[in-house]
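Taking it in order: structure first as structure tokens, then the write-up.
The following block contains the structure:
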């Protein structure tokens, strides 16, 4: 399997960064079969071009369809807005900016947006998220006149945890294997406190039981490092959010005003974001992953790394 070495932010994007694997993944999700001669072209965003705006997977099918797939371990109702930003940049990458000034209509690949969820919170087999759900109520701004939404983006969310969408998981060996792999990682993490040992045991167990066997045998070291990075990032972010909220609340209380509370929260969150970024960099986490994880611009992250 020819892995794209530029897509290594997570085990998920690493596993599915091969066009042939994506062919099977998309076919399983949509219940279709893509013929071997239908070209699959990966165009996932990277920070080199778009700074810290990075998506998980983006690819075109026969240059007629552009698909954005995001993997989420937390429930996020803001995915339509995130994907709106991503698709604009993907189109810019595919089409370029000069053609939009042409007198002729520029043909665009048909867009499709998918989220694969495998978090621990309960979630249905499938759900639909819409950008319009986030729009503010116009109220009396237009004198009470009703009007249709001029901008919409629809995301299909699929739960890929064990016991959900089993037909889909069976149709794509890699997707089913990834779901089982995540279960093993969680299982060992509950019983072994040392993350390094827990993840090694999970990888070995999967290899022994033919779960992503060839992939894990070939990339065990890289997968282990990714797991450690992802887990450390999640833990650091959880701590940063909790501490930033507490600090902001205390500073806001001292001010005794809503403005003070807002400024206190903002200052506390920024301070914790910088501390988290430093900790992640010390762990060897890549600059682009740190920027994406804590929401800092790349220049700030680079300055912290020096």
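Residue numbers (the working numbering): 6 to 311.
In this text, a Cβ means the ideal position worked out from N, Cα and C, and glycines have one as well.
Note that the structure is a prediction, hence the values are computed from the model and not measured.
Reduced DSSP secondary structure (H/G/I, E/B, other) of residue i
{"i": "residue 117", "result": "strand"}
{"i": "residue 216", "result": "coil"}
{"i": "residue 296", "result": "helix"}
{"i": "residue 132", "result": "strand"}
{"i": "residue 46", "result": "strand"}
{"i": "residue 111", "result": "coil"}
{"i": "residue 15", "result": "coil"}
{"i": "residue 76", "result": "strand"}
{"i": "residue 301", "result": "coil"}
{"i": "residue 62", "result": "strand"}
{"i": "residue 209", "result": "helix"}
{"i": "residue 161", "result": "strand"}
{"i": "residue 39", "result": "coil"}
{"i": "residue 154", "result": "coil"}
{"i": "residue 221", "result": "helix"}
{"i": "residue 309", "result": "helix"}
{"i": "residue 143", "result": "coil"}
Proximity to residue i [Cα-Cα], best of the options
{"i": "residue 123", "options": "275, 103, 17 and 99", "result": "17"}
{"i": "residue 286", "options": "307, 217 and 277", "result": "307"}
{"i": "residue 42", "options": "104, 29, 22 and 67", "result": "67"}
{"i": "residue 172", "options": "23, 22, 21 and 37", "result": "37"}
{"i": "residue 231", "options": "301, 281, 105 and 294", "result": "294"}
{"i": "residue 77", "options": "235, 277, 275 and 218", "result": "235"}
{"i": "residue 170", "options": "128, 192, 206 and 210", "result": "128"}
{"i": "residue 21", "options": "296, 281, 177 and 112", "result": "177"}
Beta-carbon separation (whole angstroms), residue i vs residue j, contact threshold 8 angstroms
{"i": "residue 279", "j": "residue 309", "result": "7 angstroms"}
{"i": "residue 160", "j": "residue 85", "result": "5 angstroms"}
{"i": "residue 204", "j": "residue 187", "result": "Wrong, their Cβ atoms sit about 12 angstroms apart, outside the cutoff."}
{"i": "residue 158", "j": "residue 88", "result": "6 angstroms"}
{"i": "residue 80", "j": "residue 126", "result": "6 angstroms"}
{"i": "residue 47", "j": "residue 19", "result": "Between residue 19 and residue 47 the Cβ distance is about 13 angstroms, and since that is not below 8 angstroms, they are no contact."}
{"i": "residue 200", "j": "residue 212", "result": "Between residue 212 and residue 200 the Cβ distance is about 19 angstroms, and since that is not below 8 angstroms, they are no contact."}
{"i": "residue 208", "j": "residue 225", "result": "5 angstroms"}
Spatial distance of residue i from residue j (CA atoms)
{"i": "residue 59", "j": "residue 73", "result": "11 angstroms"}
{"i": "residue 147", "j": "residue 27", "result": "46 angstroms"}
{"i": "residue 25", "j": "residue 144", "result": "49 angstroms"}
{"i": "residue 168", "j": "residue 71", "result": "29 angstroms"}
{"i": "residue 303", "j": "residue 75", "result": "22 angstroms"}
{"i": "residue 220", "j": "residue 152", "result": "52 angstroms"}
{"i": "residue 117", "j": "residue 62", "result": "12 angstroms"}
{"i": "residue 53", "j": "residue 292", "result": "With a pLDDT of 45 at residue 53, under the threshold of 50, the modelled position of that residue is not reliable, and no figure is offered here."}
{"i": "residue 105", "j": "residue 91", "result": "18 angstroms"}
{"i": "residue 141", "j": "residue 154", "result": "11 angstroms"}
{"i": "residue 301", "j": "residue 96", "result": "24 angstroms"}
{"i": "residue 82", "j": "residue 227", "result": "31 angstroms"}
{"i": "residue 120", "j": "residue 275", "result": "29 angstroms"}
{"i": "residue 137", "j": "residue 156", "result": "7 angstroms"}
{"i": "residue 283", "j": "residue 194", "result": "25 angstroms"}
{"i": "residue 69", "j": "residue 202", "result": "45 angstroms"}
{"i": "residue 216", "j": "residue 305", "result": "40 angstroms"}
{"i": "residue 218", "j": "residue 272", "result": "47 angstroms"}
{"i": "residue 299", "j": "residue 15", "result": "16 angstroms"}
Test: residue i CB closer than 9 angstroms to a CB of chain C
{"i": "residue 310", "result": "Here there is only one protein chain, and chain C is not present."}
Three or more beta-carbon pairs under 8 angstroms between the region 98–109 and the region 131–147, yes or no? When C-beta atoms of the region 98–109 are compared with those of the region 131–147, fewer than three pairs fall below 8 angstroms, so the two segments do not count as touching.
At a cut of 8 angstroms, does the region 178–189 reach the region 27–47 through at least three beta carbon pairs? Touching, yes, given that three or more Cβ pairs across the two stretches are closer than 8 angstroms.
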